Amino acid sequence: MIEENVKKLLKEIPEVNPFGEKVTLVAAVKLQTADNVNCAICGGVSDIGDNHVQEFRENYAKINGNPRRHFIGHLQTNKIKYLLGKVDLYHSVDRYNLAEELSRRGATAGLKSNILIQINIGNEETKGGFSIEEAENAYKKISAMPALNVEGLMAMLPFCDDEARLRRLAKAMREKFDELNGKGASLKYLSMGMSGDWRLCIEEGSNMIRLGTAIFGERKYNK
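Here is the structure:
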């Protein structure tokens, strides 16, 4: 079933967004067994994203096919040591002290970390990230830190049924992405879109989506 879900999605997801950029599917593997993740890889997934450090560590050596590894969950600074050198892209750099610690540890180890700056586009108290108004200053400050390579922005749209509002927020993210690039940044990725809203996000300019439920089905939190 997982393989079939992936194959179906890969047919549905456009190869490029309206801006002509390749769309990357990241399989969100929270609470999944290594066998389930490997099924998704067999279906055609080339990028996988972990939410929890412990699961990342437990499954790391059990994953087949050498997929590109993403960390997409909230990251505590004291857990960076378990990920450094193993994660290809950190999506959730949502505060300065996390960026500073990634920079410090990377510089000490002689490793450069690729990161996305998380924007709290809906100004939600339950989510981390910089406000859209802070995005430019956050980019300037974080991109100046050693051993970090800022490759883009990440956002999670609010859970709501107001499509017009969601489109406004997604459009604002794309505009900020383009604005920063127009001012000399070299951002490649706008990571925005999950199982419930990925189509809308791609239409508004996302080029990286993070899908879990659409691939693996509803998560069972009582494991």
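At position 182 of the sequence shown the residue is numbered 1204 (the numbering used here), and the sequence of numbers has no breaks. Using N, Cα and C, we set each Cβ at its ideal position, and we do this for glycine too. Remember, predicted model here, so these are calculated numbers, not experimental data.
Requested in this report: Name the two residues that bound the continuous beta strand (DSSP E) containing residue 1046.
Outcome: 1046 to 1050
**Report entry** Inter-residue spacing [alpha-carbon to alpha-carbon] between residue 1027 and residue 1059
**Finding:** When rounded, the distance between both Cα atoms is 12 Å.
Query raised in the report: Going by DSSP, what residues sit across from residue 1091 in a beta bridge?
Result: 1070
Query raised in the report: In terms of residues, what are the limits of the beta strand (DSSP E) holding residue 1214?
Result: 1211 to 1214
Report task. Could you check the C-alpha separation between residue 1207 and residue 1140 for me, to the nearest Å? Result -> As the crow flies, the alpha-carbon of residue 1207 is around 16 Å from that of residue 1140.
Query raised in the report: For the candidate residues 1046, 1033 and 1118, whose alpha-carbon lies nearest to that of residue 1212?
Result: 1046
Query raised in the report: Among the residues of its own chain, which have a CB less than 6 Å from the CB of residue 1235, if the five just before and after it don't count?
Result: 1217
Report task. For the alpha helix (DSSP H) containing residue 1204, list its first residue and its last residue. Result -> Its alpha helix (DSSP H) spans residues 1185 to 1204.
Query raised in the report: Three-state secondary structure (DSSP) at residue 1245?
Result: Caution is warranted here: a pLDDT of 45 is assigned to residue 1245, below 50, making its placement in the model unreliable, and the coordinate value is therefore given only provisionally. Looking at residue 1245 - three-state DSSP - the assignment turns out to be coil, as it is neither helix nor strand.
**Report entry** Cα-Cα separation between residue 1078 and residue 1068, rounded to whole angstroms
**Finding:** 16 Å
Report task. Give the DSSP-derived three-state secondary structure of residue 1141 in the structure shown. Result -> strand
Query raised in the report: So, are the CB atoms of residue 1237 and residue 1198 less than 7 Å apart?
Result: no
Query raised in the report: With distances taken from CA atoms, which of 1166, 1163 and 1222 is nearest residue 1186?
Result: 1222
Query raised in the report: Terminal residues of the continuous beta strand (DSSP E) containing residue 1302?
Result: Nothing can be reported for residue 1302, as the shown portion of the chain is limited to 1023 through 1245.
Query raised in the report: Quick one: is residue 1089 buried, meaning 16 or more other Cβ sit within 10 Å of its Cβ, or exposed?
Result: buried
Query raised in the report: In three-state terms, what does DSSP make of residue 995?
Result: Nothing can be reported for residue 995, as the shown portion of the chain is limited to 1023 through 1245.
Report task. Pick helix, strand or coil for residue 1078, following the three-state DSSP scheme. Result -> helix
Query raised in the report: Which value, in whole angstroms, describes the spacing of the CA atoms of residue 1099 and residue 1121?
Result: 9 Å
Query raised in the report: Where do the N-terminal and C-terminal ends of the beta strand (DSSP E) with residue 1114 fall, by residue?
Result: 1111 to 1115
Requested in this report: Mind the definition here: the segment 1158 to 1167 touches the segment 1176 to 1185 only if three or more C-beta pairs lie below 8 Å; say whether that holds.
Outcome: With contact defined as three or more Cβ pairs closer than 8 Å, the segment 1158 to 1167 and the segment 1176 to 1185 are not in contact.
Report task. Let me know if residue 1024 comes out buried or exposed under the rule of 16 or more other beta-carbons within 10 Å of its beta-carbon. Result -> buried
**Report entry** Through-space distance from residue 1075 to residue 1081, alpha-carbon basis
**Finding:** 10 Å
Query raised in the report: What is the residue span of the alpha helix (DSSP H) that residue 1063 lies within?
Result: For residue 1063, the enclosing alpha helix (DSSP H) starts and ends at 1056 to 1065.
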